[in-house]
Amino acid sequence: MSKEIRLGTAVSQPGTIQYGQWDGIVHPTGHSDWLPVIIAQGKQDGPCIWLTTGIHGPEHAGPAVLYQLITQELVDQLAGTIVAIPALSPAGIRTKSYVPYHVDTNPNRLWPDGRPKKEPDPEKTGLSSVEEAFARLFEPLLATADFLIDYHNAQIGSISFVFRDRVLYRTDVGDTEANKAEAEALSAKMDGMIAAYGHSVVNEYAVDRYIKNDLHRSTSGAALQLARIPSMTLELGTGLMPDPAIVNASAAGTRNVLRWAGMLPGEIEPITGITVVQPGYQARRTLQAKSPGACVVLHVAQPGDVVQKGDVLAELRDVWGRPFGEGVVRAEADGFVVGRSHGIYFYPGQTLFTLAIRDDAPLVAPYPDDYFKTGEG
Ligand SMILES: [Zn+2]
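Per the numbering used here: the sequence shown = residues 201 to 577.
Here you go:
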């Protein structure tokens with residue numbers, strides 16, 4: 201028999217889909233944003249997976265995947281529980297905004313950071329409304345989730361891919377070798393999950409940049425680093441006009457993850473209808489293809505293309521259409537094209553592509569030395 205799982209007003213009932221709401225952010229006008237909660241539980245006991253999306257208002261493919269995925273037919277075969285939250289940022293969704301109007305930060309960088317709490321600094325602003333809500337929501341996640349998937353979109357026309365975070369371990373508490381071994385086991389398990397999903401894979405930044413960019417405070421970053429569960433961020437191409445092929449392939453990939461986790465019977469489904477890039481090496485994200493001047497950029501390389509160092513990525517023109525500067529931008533490293541920046545008119549230093557480039561940094565690594573000493577109030 202499946203164990204009871206509650207989140208807000210949603211309470212699991214074996215063999216059914218239950219709907220409810222979790223009290224999120226209270227606004228000064230007396231209104232509050234509750235988060236919609238779906239709990240789908242099989243009659244057989246099994247793991248619990250959290251499926252979250254809608255933290256970025258213009259990214260609509262993730263909710264579409266969840267609405268397609270979670271059906272009574274699925275529940276009839278399910279062992280274990282799906283806890284789904286299709287709208288993590290209701291204010292952002294209402295206004296199609298990446299950053300909701302009531303905070304000034306990307307909400308997907310506001311999950312707990314694991315640092316020790318210090319006395320609040322009276323000269324600094326306290327926790328934001330979103331941080332407070334996510335700190336509370338992290339408690340039931342920690343208590344119930346065995347796996348987590350968070351669904352997003354990248355650029356128009358970008359490929360469907362998984363962001364794979366590196367697994368960090370502590371060197372300041374316990375036995376470092378044991379901590380490292382735990383991280384390696386977690387990393388290997390997560391690789392199994394990512395392989396089961398079956399889409400292209402882009403590694404996140406190496407540790408220093410990862411922490412600097414607060415990526416450890418993303419939904420999947422916090423679930424991985426603090427809850428120590430296999431987690432992944434999915435990027436599903438175009439956001440405001442979801443590509444049906446990517447939505448279908450993501451639903452299929454998610455069912456494959458459920459099969460891998462022992463939550464669904466049957467063979468792994470083939471992933472069809474989308475580009476899956478397999479360059480034969482690990483690759484990480486980079487924004488390093490930049491515009492050398494104020495010019496027109498005609499992208500030559502397209503999402504999904506594998507490129508080698510020196511290949512032409514784009515032609516450069518002036519506004520009359522004549523060659524600009526060296527006339528081309530070339531790849532600085534081997535890799536593949538994840539997506540193009542929107543438009544053709546660029547200022548100096550603006551990023552032209554999201555690329556994945558060859559990645560030699562370790563996939564399991566220690567936290568920076570001073571990480572747990574620098575917590576702020
Ligand atoms: Zn996003």
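All residues carry an ideal CB built from backbone N, CA and C; glycine is no exception.
- Close CB contacts of Arg309 within its chain, under the 7 angstroms cut and outside five residues either way in sequence, are with Asp414, Arg417, Ser418 (chain order).
- A straight line joining the alpha-carbon of Ser360 with that of Leu513 spans about 20 angstroms.
- In this structure, the C-beta of His399 stays at least 7 angstroms away from each heavy atom of ligand 1.
- The continuous alpha helix (DSSP H) containing Ala395 extends over residues 376-397.
- Residue side-chain check: Glu339 keeps its Cβ at 7 angstroms or more from all non-hydrogen atoms of ligand 1.
- Leaving aside the five residues that flank Pro442 on each side, the residues in its chain whose CB is nearer than 6 angstroms to its CB run, in chain order, His260, Ala261, Ala264.
- A distance below 8 angstroms separates the beta carbons of Val402 and Arg364.
- In terms of side-chain proximity, the C-beta atom of Glu259 is found nearer than 7 angstroms to a non-hydrogen atom of ligand 1.
- Residues of the same chain with a CB within less than 8 angstroms of the CB of Gly521, apart from the 5 flanking positions on each side, are Val496 in chain order.
- Secondary structure note for Gln244: its beta strand (DSSP E) is the uninterrupted segment 244-253.
- About 5 angstroms separates the Cβ atoms of Gly280 and Met463, confirming a contact at the 8 angstroms cut-off.
- Between ligand 1 and Asn403, a heavy atom-to-CB distance of less than 7 angstroms is absent.
- Taking 8 angstroms as the upper bound for CB-CB distance, Ile270 and Ile238 are in contact here, some 6 angstroms apart.
- In this structure Ile282 touches Ile249 by the C-beta definition: roughly 6 angstroms separates them, less than 8 angstroms.
- About 6 angstroms separates the CB atoms of Ile293 and Gly254; that is less than 8 angstroms, so the two are in contact.
- In the structure shown, Arg417 adopts helical secondary structure according to DSSP, grouped into three states.
- Partner residues in the beta bridge of Leu235, as assigned by DSSP, are Trp222.
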